[in-house]
Structure formats: C-alpha cells, structure tokens
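Participant: Got a structure here, written out as structure tokens. Questions coming.
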Amino acid sequence: MQFAIVLENANIIASTVLLGSILLITNADGLHKPEWTWSLTLLFVGTLFCGGVGQVLSEAQTLGIERDWVVIIAQNSGGECSATLASLNTILRRIDLACKLLGPLAFGVIMDFAGDDPTTRAMIGASTVAIWNAFSTPLEYFMTRDIYNLVPELAVKEPDTSNDEDQQQSAVDNKSTLSRYAAMWRNYSQHPVFLLSFSYCALYMTILDNGSLNTAYLKWRGVPDSLLGSSRGAGAVFGLLGTMLFPYLRRTISRLERVAVLSIWLFWLCLAPVLVAFLLAGESRVSDYVMLCCMVGARVWLWSADLAETQIMQEWIEPSRRGAINAMQTATYQLFYMLIQLMGVVFHDPREFEALVFFSIATVLAAAVGFTVWDVRFGRHRPLLVRSVAGCSP
Numbered sequence: 002m003q004f005a006i007v008l009e010n011a012n013i014i015a016s017t018v019l020l021g022s023i024l025l026i027t028n029a030d031g032l033h034k035p036e037w038t039w040s041l042t043l044l045f046v047g048t049l050f051c052g053g054v055g056q057v058l059s060e061a062q063t064l065g066i067e068r069d070w071v072v073i074i075a076q077n078s079g080g081e082c083s084a085t086l087a088s089l090n091t092i093l094r095r096i097d098l099a100c101k102l103l104g105p106l107a108f109g110v111i112m113d114f115a116g117d118d119p120t121t122r123a124m125i126g127a128s129t130v131a132i133w134n135a136f137s138t139p140l141e142y143f144m145t146r147d148i149y150n151l152v153p154e155l156a157v158k159e160p161d162t163s164n165d166e167d168q169q170q171s172a173v174d175n176k177s178t179l180s181r182y183a184a185m186w187r188n189y190s191q192h193p194v195f196l197l198s199f200s201y202c203a204l205y206m207t208i209l210d211n212g213s214l215n216t217a218y219l220k221w222r223g224v225p226d227s228l229l230g231s232s233r234g235a236g237a238v239f240g241l242l243g244t245m246l247f248p249y250l251r252r253t254i255s256r257l258e259r260v261a262v263l264s265i266w267l268f269w270l271c272l273a274p275v276l277v278a279f280l281l282a283g284e285s286r287v288s289d290y291v292m293l294c295c296m297v298g299a300r301v302w303l304w305s306a307d308l309a310e311t312q313i314m315q316e317w318i319e320p321s322r323r324g325a326i327n328a329m330q331t332a333t334y335q336l337f338y339m340l341i342q343l344m345g346v347v348f349h350d351p352r353e354f355e356a357l358v359f360f361s362i363a364t365v366l367a368a369a370v371g372f373t374v375w376d377v378r379f380g381r382h383r384p385l386l387v388r389s390v391a392g393c394s395p
C-alpha cells in the first residue's frame, strides 16, 4: 500500500510536469491549433500514460481500503463487527463526498486569481495539482505506516484455505491472459453476490448523474453555469444526507439486504419524474429543471444503496476471494461506464438526448429488479449462505 501511494503520486506529479512542458512548447492561447511535432506527441503520450497508471493505482488503493482494510479493522475493533463495519463505511463515504464538494471549490478559488491568460491559468492549475500531491505524499505514507502499527493484522496474509475453485484458478495461471480473465469471470459469476454486484454495476450506465454528458446537454439547453455548479454542490450535500440516513435504516430494518432493496427502489422512484417530464413536455425548461431537481434528490438513496451494497460485499465474500471478486466488479462497472460514453457518441445530437434518458431510467429499473431478485433468491437465506466469512456474525 505504501509503495502504491508513492508511485501513484509520483505519476500524478510527472503527468503535471509533462502537461506543463506541453503548455510551454505550444504556448497555447485557446485559438490556434499547435503543430504536432514528435516532441509534442511524446509529451502528450507520456501525460496520458502517467495519468492512466496513476488512475489504476488509485483504484487499487480504493479496493484495498474500502473492501479489505475496513473489514479487518472492524474484526479487531472489539465491538460488534457488523455495526462497526457500517460505521467505518459511512465515515469513509462522508470523507469522500466532502472532498468531492470542497476540492473543486478550493481549486476554483485558486483559478479565480490565476488571471485571464489561458496558458498561465493552465500552468497554475497544473502546478497546484503537483504541489498538492507532493505535500500529501509523505502525509499519506506515514499515516499508512501508523495504521499498520495500530492494526498489525493488516500485514498478515490470509492462510491457505484453497478449495476446488481456487485450485482450478491456479491451474490456468500459466495459460493466456484471456484464460485467466475467463477463470476470474467464472468465479465471479458463480458467487452468490454476483447478481447484486452486477446490478450495482449497471448503475454506472446512466447519464442522470451530473456527469459530462448530462452537463453538456443542459449547457446546450441554456441552463446557467451557476445553476449547474450549484446542482453539483447540492448533490454532494444530499449524498452526505444519504450517509446519515443509512445507519438509521440499518438499525430500523431487520436485514441489511432489505436496506439495499429499499434504497435502490427509492432511488429509481426519485428519477421516475424525469421520465414523465420528457414524455409529457419533451425538451423544455420544465424537463430541464425536473431533471436537475430529481438528480439532486436521488443522491440520498443512491449513496444509501451504495453503502448497503458495499457492506453486503464485505460480509458475504470470503477473505481469500475478496480481492479477486471486487476487482471483477470494478472492471465491470468501468466497462458499463465506457458503454454509456459510447452511447453518448452514438446519440451525439442533443436533440436525441431523450433516448439516453429513457435508457438510463430503464437501466436503474433493471438494477432495482436485480437487487430484488437477488434478495429473494439469496438475501433472505443469509444465515445459510454467510458462514461468518468476513468474521462478522450473520
């Protein structure tokens, strides 16, 4: 983990240095296209490469912390494991959402004082990112070391508890990458959490998320930038409310699996008015503002469903398979995210945005149905299927 922290931040700093070099070479003013020389091409490729490596390392750290570390820390907390796990997950999500809210605001304040020259503004932005990562690297490194000292179990490898599936997995280790990937997918698809996990991944295949496609459409519709920015901030605030609501639902409802089902259906119901607005009013101010309001309000239930799904994955997956299955889930939702971006290319005309809205509503509905079917088939049989695989009593 400590090596990944140093390497990730080094790649981010390197990408900002390369980006700064590109800006100096091109002296870009936002009006004239630069001449693509070999040096500029190499710098551009290097920027993409360093950024990609940094993103992969970031995903690896996220998997390690959110899907493995918190489980081990909860097991060794001395309290009731499942309740401690829910508390740790909630705290992590609140920190994540708070950073997503405050980070862009802080960066925006810095850029307000960066002047009007495009090259200068870009250089200041890149320098800010580099300086921030340079200062945060030792802090992250030493805090990680302290956590290892506080919870020595984090450094202990799981004992070899290989079953037949694990032996089958090792049998293909010397085969092609495609064969190994197929074996990982087979193990993922055969696990009881597969339907829940796959349905959760489908939530990434929507444009009703204040993302780039949605923002581009609303800007084309003439929605003010100030309102778009405010909706992003409001979405983060409502997401924080969702993290406060989840612990209450978990205490009130008898099973965690029911919390997941309730949250995902309420998430879909919050988005359903968008479908009605587009069916009745089409492209109009009414549908624009209904979509903005629904996306903001739906964040409460989205993050409640996210927390419930995260804890179910932590408690249902055996420690020896936790890394592989969560990695497959990450790969799956990244694939779904790419698919919705490709659909944005297919339906690139803003007048075709309705098709993406209808598809997104249908995708969330399919995810809700998937959660429900999984709960009926597996969730209600938790005492039989979950044999304290995470060290938490069922």
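Using our numbering, read the sequence shown as starting at 2 and increasing by one per residue. All C-beta atoms, glycine included, are put in the ideal place defined by N, C-alpha and C.
May I ask you to report which of helix, strand or coil DSSP gives W37?
Facilitator: Start at 1 with the first residue of the sequence shown, and residue 37 comes out as number 36. In this structure, W37 counts as coil in the three-state DSSP scheme.
Participant: When we look at the beta-carbon of N12 and count the other beta-carbons within 10 Å, is it buried (16 or more) or exposed?
Facilitator: Your numbering for residue 12 matches position 11 in the sequence shown. Per the 10 Å Cβ criterion, buried.
Participant: Do L228 and L293 have their CB atoms nearer than 9 Å?
Facilitator: By 1-based counting over the sequence shown, the position of residue 228 is 227. By 1-based counting over the sequence shown, the position of residue 293 is 292. Yes, they are a contact pair.
Participant: What do you reckon, are the CB atoms on L89 and V110 nearer than 9 Å?
Facilitator: To locate residue 89, count along the sequence shown from 1; it is residue 88. To locate residue 110, count along the sequence shown from 1; it is residue 109. Going by C-beta atoms, L89 is not nearer than 9 Å to V110.
Participant: Between the stretch 241-255 and the stretch 284-293, can you find at least three pairs of beta-carbon atoms closer than 8 Å?
Facilitator: no
Participant: Under three-state DSSP, which class holds P193?
Facilitator: For this step, residue 193 is matched to residue 192 along the sequence shown. Under the three-state reduction of DSSP output, P193 falls in the coil class, being neither helix nor strand.
Participant: Between R381 and the rest of its own chain, which residues show a CB-CB distance below 8 Å, the 5 nearest in sequence each way excluded?
Facilitator: For the purposes of this step, residue 381 is identified with residue 380 of the sequence shown, where counting begins at 1. Correct list, in chain order: R256 and E258.
Participant: In whole angstroms, what is the alpha-carbon distance linking A5 and L281?
Facilitator: By 1-based counting over the sequence shown, the position of residue 5 is 4. By 1-based counting over the sequence shown, the position of residue 281 is 280. Between A5 and L281, the C-alpha separation is close to 51 Å.
Participant: Is the shortest distance between the beta-carbon of D226 and the beta-carbons of chain B less than 9 Å?
Facilitator: The question asks about chain B, but that chain is absent: this structure has only one protein chain.
Participant: In three-state terms, what does DSSP make of Q169?
Facilitator: Taking the first residue of the sequence shown as 1, we reach residue 169 at position 168. Only weak support exists for where Q169 lies, its pLDDT of 49 falling under 50; the value from the coordinates is given anyway. Residue state, collapsed to three classes: helix.
Participant: Any chance the stretch 110-130 sits against the stretch 257-274, with 3 or more Cβ pairs inside 8 Å?
Facilitator: Contact between the stretch 110-130 and the stretch 257-274 is absent, because fewer than three Cβ pairs lie under 8 Å.
Participant: Please state the DSSP three-state secondary structure of D350.
Facilitator: Locating residue 350 in the sequence shown gives position 349, where the first residue counts as 1. Here D350 sits in coil by DSSP.
Participant: Out of curiosity, what's the CA-to-CA distance linking S16 and G52?
Facilitator: Here residue 16 is taken as the residue at index 15 of the sequence shown, counted from 1. Here residue 52 is taken as the residue at index 51 of the sequence shown, counted from 1. Their Cα atoms are separated by approximately 6 Å.
Participant: Compute every distance between the C-beta of W70 and the non-hydrogen atoms of the ligand MG, then say whether any falls below 8 Å.
Facilitator: Ligands are entirely absent from the displayed structure, and the ligand MG is therefore not among its contents.
Participant: What residue does the alpha helix (DSSP H) around D147 start on, and which one ends it?
Facilitator: Translated into positions along the sequence shown, residue 147 becomes position 146. Note, D147: alpha helix (DSSP H), P119 to L151.
Participant: Looking only at C-alpha atoms, which of V346, M2 and L49 sits nearest to S213?
Facilitator: Looking up residue 213 in the sequence shown gives position 212. Nearest of V346, M2 and L49 to S213, Cα basis: V346.
Participant: Considering only residues of the stretch 23-105, which uninterrupted alpha helix (DSSP H) runs meet the minimum length of 4 residues and lie entirely inside it, listed in chain order?
Facilitator: List check, alpha helix (DSSP H) in window: 39-65 and 71-76.
Participant: Express the C-alpha separation of L24 and L43 in angstroms, rounding to a whole number.
Facilitator: By 1-based counting over the sequence shown, the position of residue 43 is 42. By 1-based counting over the sequence shown, the position of residue 24 is 23. Going from the Cα of L43 to the Cα of L24 covers about 14 Å.
Participant: Give the DSSP-derived three-state secondary structure of T396 in the structure shown.
Facilitator: No answer is possible for residue 396: it lies beyond the span of the chain, which begins at 2 and ends at 395.
Participant: Is W9 helix, strand or coil by DSSP?
Facilitator: Taking the sequence shown and counting its residues from 1, the one referred to as residue 9 is at position 8. Residue identity check: residue 9 is Glu in the sequence provided, not Trp. In this structure, E9 counts as helix in the three-state DSSP scheme.
Participant: In whole angstroms, what is the alpha-carbon distance linking S285 and S264?
Facilitator: Against the sequence shown, residue 285 aligns to sequence position 284. Against the sequence shown, residue 264 aligns to sequence position 263. Cα to Cα, the separation comes out at about 30 Å.
Participant: Buried or exposed, going by whether 16 or more other CB atoms sit within 10 Å of the CB of G240?
Facilitator: Here residue 240 refers to the residue found at position 239 of the sequence shown. Per the 10 Å Cβ criterion, buried.
Participant: Can we say the stretch 334-349 touches the stretch 367-379, given the rule of at least three CB pairs closer than 8 Å?
Facilitator: no
Participant: Given that a residue counts as buried once 16 or more other Cβ atoms are within 10 Å of its Cβ, and exposed if not, what is F114?
Facilitator: Reading the sequence shown from its first residue, position 113 is the one you call residue 114. The residue in question, F114, is exposed, as its Cβ has fewer than 16 Cβ neighbours within 10 Å.
Participant: Is it buried or exposed for Q315, if we count other Cβ within 10 angstroms and need 16 for buried?
Facilitator: For the purposes of this step, residue 315 is identified with residue 314 of the sequence shown, where counting begins at 1. Q315 is buried by the Cβ-count criterion.
Participant: On a Cα-Cα basis, can you pick out the residue from I341, L366 and A328 that is closest to F354?
Facilitator: Here the question's residue 354 lines up with position 353 in the sequence shown. Measuring from the Cα of F354, the nearest candidate turns out to be I341.
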